[in-house]
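Sequential numbering of the sequence shown, starting at 6, is according to my numbering. Glycine is no exception: its CB is placed at the ideal position from the N, C-alpha and C atoms. The structure appears right after this line, and notes come after that.
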Amino acid sequence: MAQAIGDPEELERFAYALQQFTDSLNDSVGALNGAFLSLGDTWQDEKRSQFEEEFNMLAQQLHQFNANAADQVPYLIALASRLRDYLQS
């Protein structure tokens with residue numbers, strides 16, 4: 006006998022929360038990157054170089070997370086739909 010474990014509403018809530026989080030994160034990272042780039046030649050020392058290197062590494066990690074989250078959101082919504090259909094049958 007097949008068994009379903011999960012709450013479709015919880016899956017959907019998480020999917021939408023994840024989407025909102027990634028949207029907000031992307032907006033914030035974009036704004037911070039723009040502010041950093043607008044510094045131009047104002048901040049030129051070793052600390053800036055170190056910060057830029059770490060910032061770029063973080064931006065790459067966030068990009069990978071965003072790509073993964075973008076795959077998960079529709080998957081979770083579809084999973085919730087299938088689970089709801091199963092529970093109603």
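Close beta carbons around residue i, own chain, < 6 Å, minus the five adjacent residues each side
i: Ala85; result: Pro13, Leu16 and Glu17
i: Gly11; result: Leu88
i: Asn31; result: none
i: Met6; result: Any reading at Met6 must be qualified, since the residue scores a pLDDT of 40, below 50, and its modelled position is unreliable; no value is offered.
i: Asp90; result: none
Supposed close pair residue i, residue j - CB separation, criterion 8 Å
i: Leu25; j: Val78; result: The sequence shown places Gln at residue 25, not Leu. Contact flag wrong, Cβ pair sits at about 10 Å.
i: Phe41; j: Phe70; result: Actually they are not in contact, since the Cβ atoms of Phe41 and Phe70 sit about 20 Å apart, beyond 8 Å.
i: Thr27; j: Ala74; result: 5 Å
Buried versus exposed, by CB contacts within 10 Å (16 or more), residue i
i: Leu63; result: exposed
i: Thr47; result: exposed
i: Ala36; result: exposed
i: Ala20; result: buried
i: Leu81; result: buried
Sequence-distant residues of the same chain with beta carbon closer than 8 Å to residue i, five excluded per side
i: Glu57; result: Phe41
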